[in-house]
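Residue numbering for the sequence shown follows the UniProt record's numbering, beginning at 1 and increasing consecutively. Have a look at the structure below, then the notes.
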Amino acid sequence: MLLKRRDLATNTYKICGNQLTTVSEKMGEMILAEVTTQHIAEFLESWIAEGKNTMAGAMRSVLSDMFREAIVEGRITTNPVEPTRAPEIKVARERLQLETYNATRAAAEHMPAWFPLAMDLALVTGQRREDIVNMKFSDV
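Now the structure itself:
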């Protein structure tokens, strides 16, 4: 119900669906009103213990939304997710140096013709890989 009311991109619906499936697999047998902060913390800790802090953060967000909606619908009175700590998420990305890009771009010349063009397009437009892959010449 919550997802249907939101105007989300197709891929976002897919990701949310996968996250809800994960929640259902781990907590689906529990009665909503009986879920405690400890249950939530243990669920999140299972991701953190594997070094998957980003996933833990995403799952915490999904759970928080779910319980917030349950409060709005009058099914529960408190959100057991709120007292939990958001996991520390370290961004692993770094800026791509021009020299590195140029070396990679030179190597791409030995790939199929579309590959170096896709690299140039990504650099100039800042589009995601997924968007670049789905582009056609008529889109440019």
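Every residue, glycine too, gets a C-beta built ideally from N, C-alpha and C. Keep in mind the model is a prediction, meaning the values are calculated, not measured.
Distance from the CA atom of residue 47 to the CA atom of residue 75, rounded to whole angstroms, is 28 Å. Residue 44 is positioned such that its CB atom lies no closer than 9 Å to that of residue 68.
The three-state secondary structure of residue 79, taken from DSSP, is coil.
The C-beta of residue 89 has fewer than 16 other C-beta atoms within 10 Å across all chains shown, which makes the residue exposed. With respect to residue 79, residue 64 sits close: the two C-beta atoms are nearer than 9 Å.
Residue 87 holds the alpha-carbon nearest to the alpha-carbon of residue 58 among 39, 87, 28 and 8.
Short of 8 Å from the beta carbon of residue 116, and not among the five residues preceding or following it, lie these beta carbons of its own chain, in chain order: 105, 108 and 109. Shown here, residue 106 sits in a helix according to DSSP, grouped into three states. By the 16-neighbour rule on beta-carbons within 10 angstroms, residue 84 is buried.
Look at residue 128 here: in three-state DSSP terms it is coil, with no helix or strand label. According to the DSSP assignment, residue 45 belongs to the alpha helix (DSSP H) that extends over 37-49.
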